[in-house]
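>
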Amino acid sequence: MTSQRTQVAIVGAGPAGLLLGHLLRAEGIDAVIVERQSADYVLSRIRAGVLETVTTGLMERLGLAERMRAEGMPEDGFNLADGERLIRIDIFGLTGRRVTVYGQTELTRDLMEAAPARGLEIVYEAADVTLHNVDGASPSLTYSKDGAEHRIEAAFIAGCDGFHGPSRKAVPASAGRAYERVYPFGWLGILADVPPCHHELIYANHDRGFALASMRSPTRSRYYVQVGLDERLEDWPDDRIWDELAVRLGPEAAAGITRGPSIEKSIAPLRSFVFEPMRHGRLFLAGDAAHIVPPTGAKGLNLAASDVAYLSEALIAWFGRRDPAGLEDYSRRALARVWKAERFSWQLTTLMHRFPDTDAFGRRMQVAELDYIASSEAMRTAIAENYVGLPL
Ligand code: APR
Ligand code: PHB
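Mind the numbering: the sequence shown is residues 508 to 899 in the working numbering, read in order.
Here it is as structure tokens:
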């Protein structure tokens, strides 16, 4: 067994773990990340791509925003479609801020590539990561790699290992509580090298179900359609997806759709989940390890970013001046923002999807709410300020 000491051991090299590692290294704090997958595997995962200013601000602060500034697409607004018309949410006009379309994969790549030069050690393909003594004075984690066993001792452990990782499971059931809602449908996503159908995102609620038109660049589009949980990818050849998108997104968007072969296709379930508290002893949870939002609203990555903004600030205060206040307040502070984003994501999901048990009255409620949004600047402002990101 080899043994290593560091100040903060981080489990998971997704956006949460990578951002946290860099924020700590920028202040001279030692951190090591252990990641179960290979670097290539991490970069092959396709995830959402709408960044709030909290997230772009962290990349700027780290001096890693160059490519994001050059290739990211600032967006002034987005649209809700009700089957026929587009209801524009003028994000910039209503809030004075913008979101940036830049794929999570690209952000992850920027953070990964900068790690060696900044002294951020990442151990990829670390198997059997196990946390020890998280509620004692000297926590540690063990893992195996290439047939050898390794131990990392740390002052703190950051659990940034996503929904299925071991960190949250290291908290005894009696010390936490989970809140969950599983939605009775999924999103079928398609990525294609064709120009987007519209210059802004469109979230559509059609009688046939939800659809989303999004993008990665002026030449790469990302689309989704709501599907039942029992549906299989084989039943959705590309043409069927394009046909369905053209109907659900409405006539204006349909006229702009360029079809092309899919380069990625997958079905993802939708879930809302929060685990409280986000701290147990010397273990701190951040990102998907502590909470999941349905993708409607694109809050997943942005919540991971705000968690690690709070957590890095707390750890920097601790290592710099032994000030424990930030660490003690971390869970409360992070959860206050998490619950508001959970509310927004749930609300937008509920407004925009067909639920198997939605009766005619429920459908009329959706239509009436969309109609109200179209006619009320107050409603659009509430949506815009949540979409662009609530303050830290
Ligand atoms: N040991 C080590 N690493 C692990 C383990 C384990 N047993 N289990 C999971 N991991 C790694 C995963 O392989 C992944 O790279 O933890 C990482 C968690 O990353 P994400 O799932 O991306 O979660 P997070 O960093 O919190 O990012 C949140 O990004 O991935 C999206 O949907 C997510 O949008 C959300 C945001
Ligand atoms: C995406 O581009 O993949 C995307 C955009 C917005 C969302 C979800 C996903 O709300």
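The beta-carbon is built from N, C-alpha and C at its ideal position, and this holds for glycine as well.
Taking the beta strand (DSSP E) that L758 falls in, what are its first and last residues?
Checking the sequence, you will find Pro at residue 758 rather than Leu. Unbroken run through P758 is the alpha helix (DSSP H), 758-763; no beta strand (DSSP E).
> What is the DSSP secondary structure of R688, counted as helix, strand or coil?
Three-state result, R688: strand.
> From P702, G666, I709, Y609, pick the residue whose C-alpha is nearest to that of E573; which is it?
Nearest C-alpha to E573: Y609.
> Going by alpha carbons, who is nearest to H706 out of L736, L695, A718, S724?
It is S724 whose Cα lies nearest to the Cα of H706.
> Please state if the CB of A621 and the CB of L695 are separated by a distance shorter than 7 angstroms.
Not closer than 7 angstroms, so no.
> Going along the chain, which residues of its own chain have a beta-carbon closer than 6 angstroms to the beta-carbon of Y710, five neighbours each way excluded?
For Y710, where only same-chain residues beyond five positions count, the Cβ hits under 6 angstroms are L587, L719, M859.
> Give me the residue from R755, R747, T803, A520 with the minimum Cα distance to K772.
The shortest Cα separation from K772 among R755, R747, T803, A520 belongs to R747.
> Are the beta-carbon atoms of V518 and S674 separated by less than 7 angstroms?
Cβ atoms of V518 and S674: closer than 7 angstroms.
> Taking only the alpha-carbon atoms, compute the straight-line gap between A753 and G603 and give it to the nearest angstrom.
Going from the Cα of A753 to the Cα of G603 covers about 32 angstroms.
> Closest by CA to R554, which one among L525, A775, I629?
Taking only the C-alpha atoms, the option nearest R554 is A775.
> Run through the DSSP bridge pairs and tell me what F791 is partnered with.
Beta-bridge pairing links F791 to A665, R786.
> May I ask which residues mark the beginning and end of the beta strand (DSSP E) holding D724?
One detail in the question is off: residue 724 reads as Ser in this sequence, not Asp. Its beta strand (DSSP E) spans residues 716-724.
> Roughly how many whole angstroms lie between the Cα atoms of G521 and A677?
Approximately 19 angstroms, taken between the alpha carbons.
> Below 8 angstroms on the Cβ atoms is my guess for C667 versus G524; work out the distance and round it to an integer in Å.
At roughly 4 angstroms, the Cβ-Cβ gap stays under 8 angstroms, so C667 and G524 are in contact.
> Nearest to M722 by alpha carbon, out of Y731, R840, V539?
If we check each option's Cα against that of M722, Y731 comes out closest.
> At the level of alpha carbons, what is the spacing between E759 and R592?
Answer to the nearest angstrom: the Cα atoms are 8 angstroms apart.
> For L756 versus A816, is the C-beta spacing smaller than 7 angstroms?
No. Outside cutoff.
> Based on the DSSP secondary-structure assignment, which residues constitute the bridge partners of Y650?
Partner(s): H657.
> What residues match up with A588 in a beta bridge as DSSP calls it?
Partner(s): L593, A711.
> Give the straight-line distance between the Cα atoms of A841 and Q544, rounded to the nearest whole angstrom.
Each residue's Cα considered, the two are about 27 angstroms apart.
> Does DSSP put H639 in a helix, in a strand, or in coil?
In this structure, H639 counts as strand in the three-state DSSP scheme.
> Which value, in whole angstroms, describes the spacing of the CA atoms of V541 and R870?
Answer to the nearest angstrom: the Cα atoms are 47 angstroms apart.
> Below 7 angstroms between beta carbons: does that hold for Q514 and D547?
Cβ distance not < 7 angstroms, so Q514 and D547 don't count as in contact.
> Could you tell me the boundaries of the alpha helix (DSSP H) in which E578 lies?
From DSSP, the alpha helix (DSSP H) with E578 extends over 573-578.
> Note down the Cα distance separating A875 from Y690, rounded to an integer number of angstroms.
Those two C-alpha atoms are separated by around 22 angstroms.
> May I ask whether a heavy atom of the ligand PHB can be found less than 6 angstroms away from the beta carbon of G556?
True, at least one ligand heavy atom lies under 6 angstroms from that Cβ.
> So, do the stretch 794-810 and the stretch 819-836 have three or more beta carbon pairs nearer to each other than 8 angstroms?
As far as the Cβ criterion goes, the stretch 794-810 does not touch the stretch 819-836, which means the pair count is below three.
> What span of residues does the alpha helix (DSSP H) with E620 cover, start to end?
From DSSP, the alpha helix (DSSP H) with E620 extends over 611-621.
> In its own chain, which residues sit with a C-beta less than 8 angstroms from the C-beta of R532, not counting the 5 before and 5 after it?
A538, R625, G626, L627.
> Could you give the distance in angstroms between the alpha-carbon of N893 and the alpha-carbon of E687?
Spanning the two alpha carbons is a distance of roughly 21 angstroms.
> Taking only the alpha-carbon atoms, compute the straight-line gap between A797 and V641 and give it to the nearest angstrom.
Answer to the nearest angstrom: the Cα atoms are 16 angstroms apart.
> At what residue ranges does the stretch 810-859 contain a whole run of the alpha helix (DSSP H), taking only runs of 4 or more?
DSSP runs (the alpha helix (DSSP H)) wholly in the stretch 810-859: 832-859.
> DSSP beta-bridge partners for F780?
Its beta-bridge partners are E687, I799.
> Would you kindly work out how many angstroms separate the C-alpha atoms of M508 and L527, rounded to a whole number?
Roughly 27 angstroms between the two C-alpha positions.
> Rounded to the nearest angstrom, what separates V636 and K652 at their Cα positions?
Between V636 and K652, the C-alpha separation is close to 10 angstroms.
> According to DSSP, is Y879 helix, strand or coil?
Residue state, collapsed to three classes: helix.
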